[in-house]
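Just so we're aligned: 71 in the working numbering is position 48 of the sequence shown, and the numbers increase by one with no gaps anywhere.
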Amino acid sequence: MLGWDYTVDLSTLSLLYKDYKETDNLEFTADGAGRGGRVQWYFRLMRNNGILMFYSYYTLASEGGNQSPEYSVLLGDTWYGPGSTGSPADLGEQLSSEVMSDWDHSEGMHWVIETWDGVSITAWIDENTGLQTANSLTITKPEYVSWRGIHVGSTREELLAVYLEIDPEYQLQVNGTADSLFYGRPIGGYFIGFILKDDCVTQIDLTFAFD
24 MLGWDYTVDL STLSLLYKDY KETDNLEFTA DGAGRGGRVQ WYFRLMRNNG ILMFYSYYTL
84 ASEGGNQSPE YSVLLGDTWY GPGSTGSPAD LGEQLSSEVM SDWDHSEGMH WVIETWDGVS
144 ITAWIDENTG LQTANSLTIT KPEYVSWRGI HVGSTREELL AVYLEIDPEY QLQVNGTADS
204 LFYGRPIGGY FIGFILKDDC VTQIDLTFAF D
C-alpha cells in the first residue's frame, strides 16, 4: 500500500489516544521507514454506519516528531526536525550544550542549544519529565539531507527543481535577497530555509515559528 521505499512495522501499531468511544473515529501510529531513515506513520479510520473504514495515512518525522518530514533532515538513520524529541544519535562527539537561562520561558521549562560538527539544535526541556523537544535546527555539513534530497553544496538549480513551490521572484521581494529561500510558513508554522552563496546551498535552517 505504501509503495516506493516506505515500510511500516505493524507490530508497533498503537492507538493515538486511549479513551476512544465506540462512536469515535480511530487514530493509530506505527514505526516505519522511508527515504533511507526512520519515520512514524499516522493512520486514521473513519466510522461509516458503524463500520470502520480506512480514511487516510501520512508520515511524521521520527523520534516523537509531530510534523511532516518535509521539515526534517536525515540525521544518522532518523528523520529529525522541529517537534522531534530527544537528542539525535550518530552525530559524533557533542561540541557544546548551553542552557539559555536568560531566554523567556514558561515555568517548569528551559531552553538549551546543543552543537555537533555541522549541526546545531535549539530545544526546550520540560523540567518535570526531562523531555527535550527540538524547536529549530541549523545544518552546515553536506551529509545531512532534506526530505527532498537537498544538502549543503546543492546548487540553486537543484534546489528549485525539487521545491517547485518556491517562487524566487516573490521571495526576493520578501527577503530582500536572492540568496535566502524558504519552503513552508515562516510565521506561525514550520518551515525549512536555505542560505546560498555563489548559487550553492551553504546552510539549511529548520524551525517552528510562532505567530
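Note that the Cβ used here is the ideal one computed from N, Cα and C, for glycine as well.
- Counted as a single uninterrupted DSSP element, the stretch harbouring Asn71 is not any alpha helix (DSSP H) but the beta strand (DSSP E) occupying residues 60 to 71.
- Beta-bridge analysis with DSSP links Val135 to Val122, Ala146.
- Shown here, Asn158 sits in a strand according to DSSP, grouped into three states.
- Nearest in C-alpha terms to Asp100, of all of Pro111, Ser91, Gln90, is Pro111.
- In the structure shown, the three-state DSSP call for Gln226 is strand.
- Here Thr35 carries a helix assignment [DSSP, helix/strand/coil].
- Here Tyr167 has Val96, Leu97, Leu98, Gly141, Val142, His174, Val175, Ile227 as same chain residues with Cβ atoms under 8 Å from its own Cβ, once five neighbours each way along the sequence are excluded.
- Ile74 is classed as exposed because its beta carbon has fewer than 16 other beta carbons within 10 Å across all chains shown.
- Non-local C-beta neighbours of Tyr78 in its own chain, meaning closer than 7 Å and more than five positions away in sequence, comprise Arg67, Leu68, Met69, ordered along the chain.
- Listed as beta-bridge partners of Glu50 by DSSP are Arg67.
- Within the same chain, Cβ atoms closer than 6 Å to the Cβ of Phe214 are found at Phe205, Gly207, Arg208, the five residues on either side in sequence being excluded.
- DSSP, reduced to helix, strand and coil, places Val175 outside both helices and strands of the structure shown, so it counts as coil.
- When beta bridges are read from the DSSP output, Ala56 appears opposite Thr30, Arg61.
- Between the region 116 to 128 and the region 181 to 199 there are fewer than three inter-stretch CB-CB distances shorter than 8 Å, so the stretches are not counted as touching.
- The C-alpha of Asn72 lies about 21 Å from the C-alpha of Leu38.
- Excluding its 5 nearest sequence neighbours in each direction, Ser119 has C-beta neighbours in its own chain below 8 Å: Ile136, Glu137, Thr138, listed in chain order.
- According to DSSP, residue pairing for Thr82 in a beta bridge involves Trp64.
- DSSP places Leu195 inside the alpha helix (DSSP H), whose first and last residues are 191 to 198.
- When secondary structure is reduced to three states using DSSP, Ala184 falls in the helix class.
- Remark: C-beta atoms of Asp149 and Gly172 do not approach each other more closely than 8 Å.
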